[in-house]
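Going line by line, the protein sequences match chains L and X. The working numbering numbers the first residue of the first sequence as 1 and each following residue consecutively. The working numbering numbers the first residue of the second sequence as 241 and each following residue consecutively.
Protein chains: 2
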Amino acid sequence: MILDGKKLADKILSNLRISQLKLAVILVGDNPSSKLYVSKKKQACEKYGIEFELFKFDSNINQEDLEKKIKSIDATGIVIQLPLPNNIDTERILNLISANKDVEGFVSDNKSPIVCVVEEFLKEYDISLDNKKILVVGKGRLVGNPIAKWLESKGLDYTIVDQSTKDISQELLKADVIISGAGKKNLIQNIKNKAVVIDFGPDVNFEKVKDKASYITPPVGGTGPMTIACLLKNLSELKN
Amino acid sequence: MILDGKKLADKILSNLRISQLKLAVILVGDNPSSKLYVSKKKQACEKYGIEFELFKFDSNINQEDLEKKIKSIDATGIVIQLPLPNNIDTERILNLISANKDVEGFVSDNKSPIVCVVEEFLKEYDISLDNKKILVVGKGRLVGNPIAKWLESKGLDYTIVDQSTKDISQELLKADVIISGAGKKNLIQNIKNKAVVIDFGPDVNFEKVKDKASYITPPVGGTGPMTIACLLKNLSELKN
Chain L
1 MILDGKKLAD
11 KILSNLRISQ
21 LKLAVILVGD
31 NPSSKLYVSK
41 KKQACEKYGI
51 EFELFKFDSN
61 INQEDLEKKI
71 KSIDATGIVI
81 QLPLPNNIDT
91 ERILNLISAN
101 KDVEGFVSDN
111 KSPIVCVVEE
121 FLKEYDISLD
131 NKKILVVGKG
141 RLVGNPIAKW
151 LESKGLDYTI
161 VDQSTKDISQ
171 ELLKADVIIS
181 GAGKKNLIQN
191 IKNKAVVIDF
201 GPDVNFEKVK
211 DKASYITPPV
221 GGTGPMTIAC
231 LLKNLSELKN
Chain X
241 MILDGKKLAD
251 KILSNLRISQ
261 LKLAVILVGD
271 NPSSKLYVSK
281 KKQACEKYGI
291 EFELFKFDSN
301 INQEDLEKKI
311 KSIDATGIVI
321 QLPLPNNIDT
331 ERILNLISAN
341 KDVEGFVSDN
351 KSPIVCVVEE
361 FLKEYDISLD
371 NKKILVVGKG
381 RLVGNPIAKW
391 LESKGLDYTI
401 VDQSTKDISQ
411 ELLKADVIIS
421 GAGKKNLIQN
431 IKNKAVVIDF
441 GPDVNFEKVK
451 DKASYITPPV
461 GGTGPMTIAC
471 LLKNLSELKN
């Protein structure tokens, strides 16, 4: 039997996936924050030689057309930039993404970039969560939900609050660690002394709480670049 | 303390090393085989988006100048294309390559691409070396030496022959597995029935032995593309 070196070499090389990465981003409508996030992703891809393609749709696109377009996308990783317009069934759209392209961990067991950001910060700055009162602010799909799942998987107790919580200021004053992603500016104006604050919101009034915090993410150069880095890390680790 | 997301993001992204790979090849003199091997490496790098730079020197370059040039090379992986001219101290030149750039495993514990090729073939075709008579043909730096070391590390018995061996044809007829890298055309004209033949030489007269072999690498599309694939695999796995 002939040992086929050509075929096996191609297999090995395609597994290296060097510079074969391609991120596709689906943007529907004109949300200014979404456009900003998309441009940041594009910049990072360009910087690191990753192919980037933006699929931009009008907010009045219908469900069927959007689904058809998404199914036809050829990329190694796909981001559906949220939020989608109200006329679109977000759950159905997200479920079109197969696990091997799910860089955001929405529809698979892939790690959420947000969880990765928190883990990396804790590791880098040698911050432990053991025996800390942990507060998660917001229950959204992007931040609160994956962080809560992650804390559960680590067997850590935590409190989670959202807009239905009557008085979150009481919880904020008790928390040793605050992980926030409510998307509500100036929601957090006071914290416990020496608290650790990781803000994806941006929810924190940085100037008001920065001197009380032992560790805090700044509004610029904090969770933003880290979220992009973790997204690209996920992209590079997908097994396509 | 400010959690510096910019700095940590850069650290994470630089560890991804996507499309930041660069292979530098040092070629001294006009050896036609060396030129061919270099062009194959260049082609593969271009195909997979890896930066490639060739440093070509006349065969009359002196040791000092060559060392100075090599020390100034900025790349993530370096190949010294062997053989070097006789007036050059090969050992000294190879030792200029630091472990984190040693894609060929000459001066570090990095795995030799040749060993990788053999491992990948054995794995792909489900060939076991257990209780086989293994013959290594050639004691060179590129093939025989790393293969012998690898077999030792796996606790496998083997016989190794080179030009000083009186009658290698006897050994060839006894071997269940032949791994050959003597660089002597038509050295191997007969083998044991059902032997496995992996030829880096090219030493094997393929037409004469192909029907007796159970598995055999062809002269084209055999170990050649595999060696390049394993070299690039090494390059992508170096921690720069």
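All C-beta atoms, glycine included, are put in the ideal place defined by N, C-alpha and C. Values in this document were obtained by computation on a predicted structure and should not be read as measured data.
So, does the CB of residue i fall closer than 8 Å to a CB anywhere in chain L?
i: T463 of chain X; result: yes
i: A415 of chain X; result: no
i: F440 of chain X; result: no
i: I258 of chain X; result: Summary for I258 of chain X: the model assigns pLDDT 48, below 50, so the residue's position carries little reliability, and this model does not support an answer.
i: Y277 of chain X; result: no
i: L253 of chain X; result: yes
i: A388 of chain X; result: no
i: M241 of chain X; result: yes
Can you give the Cα-Cα distance for residue i and residue j, rounded to whole angstroms?
i: N300 of chain X; j: N327 of chain X; result: 8 Å
i: N271 of chain X; j: V460 of chain X; result: 20 Å
i: K185 of chain L; j: V204 of chain L; result: 7 Å
i: I178 of chain L; j: D167 of chain L; result: 15 Å
i: S98 of chain L; j: Q189 of chain L; result: 40 Å
i: E67 of chain L; j: V196 of chain L; result: 41 Å
i: K309 of chain X; j: T223 of chain L; result: 43 Å
i: G49 of chain L; j: V28 of chain L; result: 25 Å
i: T247 of chain L; j: E46 of chain L; result: Outside the shown range of chain L (1 to 240) lies residue 247 of chain L, about which nothing can therefore be said.
i: K275 of chain X; j: V319 of chain X; result: 13 Å
i: T399 of chain X; j: S454 of chain X; result: 20 Å
i: L235 of chain L; j: T217 of chain L; result: 24 Å
i: G201 of chain L; j: A315 of chain X; result: 41 Å
i: L427 of chain X; j: Q403 of chain X; result: 10 Å
i: V487 of chain X; j: R332 of chain X; result: Beyond the ends of chain X as shown, which are 241 and 480, falls residue 487 of chain X; an answer cannot be given.
i: G183 of chain L; j: D130 of chain L; result: 27 Å
i: N199 of chain L; j: L96 of chain L; result: Sequence check: residue 199 of chain L is Asp here, not Asn. One C-alpha to the other measures close to 30 Å.
i: A148 of chain L; j: S108 of chain L; result: 16 Å
i: G144 of chain L; j: L151 of chain L; result: 10 Å
i: G138 of chain L; j: V115 of chain L; result: 14 Å
i: L362 of chain X; j: G380 of chain X; result: 22 Å
i: V343 of chain X; j: L472 of chain X; result: 8 Å
i: D397 of chain X; j: K372 of chain X; result: 9 Å
i: D366 of chain X; j: K194 of chain L; result: 59 Å
Hey, is residue i's beta-carbon within less than 8 Å of any beta-carbon in chain X?
i: S214 of chain L; result: yes
i: D244 of chain L; result: Shown here, chain L extends from 1 to 240; a query on residue 244 of chain L therefore has no answer.
i: L232 of chain L; result: yes
i: I134 of chain L; result: no
i: I228 of chain L; result: yes
i: A9 of chain L; result: yes
i: Y48 of chain L; result: yes
i: P218 of chain L; result: yes
Between residue i and the rest of its own chain, which residues show a CB-CB distance below 6 Å, the 5 nearest in sequence each way excluded?
i: F55 of chain L; result: I26
i: I313 of chain X; result: A264
i: K111 of chain L; result: G105
i: F446 of chain X; result: P459
i: E119 of chain L; result: none
i: K450 of chain X; result: I456
i: C230 of chain L; result: P113, C116 and V117
i: I191 of chain L; result: L172, V209 and K212
Which same chain residues, not among the five before or five after residue i, have their C-beta less than 8 Å away from its C-beta?
i: K42 of chain L; result: V25, F52 and L54
i: D298 of chain X; result: V268 and G269
i: K247 of chain X; result: none
List the DSSP bridge partners of residue i.
i: V177 of chain L; result: L:I134 and L:V196
i: D157 of chain L; result: None, per the DSSP bridge assignment.
i: I239 of chain X; result: With chain X represented from 241 up to 480, any question about residue 239 of chain X goes unanswered, as that position is not in the structure.
i: E364 of chain X; result: DSSP lists no partner for E364 of chain X.
i: F292 of chain X; result: X:L263
i: Y215 of chain L; result: L:V196
i: F297 of chain X; result: X:V268
i: V204 of chain L; result: L:I188
i: D342 of chain X; result: X:I318
i: I242 of chain X; result: L:I216
Beta-carbon within less than 7 Å of residue i's beta-carbon, same chain only, minus the 5 sequence neighbours each way: which residues are those?
i: I12 of chain L; result: none
i: P465 of chain X; result: none
i: Q81 of chain L; result: V25, I26, L27, S34, Y37 and V38
Using a Cβ-Cβ distance under 8 Å, would residue i count as near chain A?
i: S368 of chain X; result: No chain A is part of this structure, whose protein chains are labelled L and X.
For the segment 310-337 of chain X, list every residue whose C-beta sits within 9 Å of some C-beta in chain L, in sequence order. none
Output needed in chain order: residues of the segment 338-365 of chain X with a Cβ under 9 Å from some Cβ in chain L. C356, V357, E360, F361, E364 and Y365
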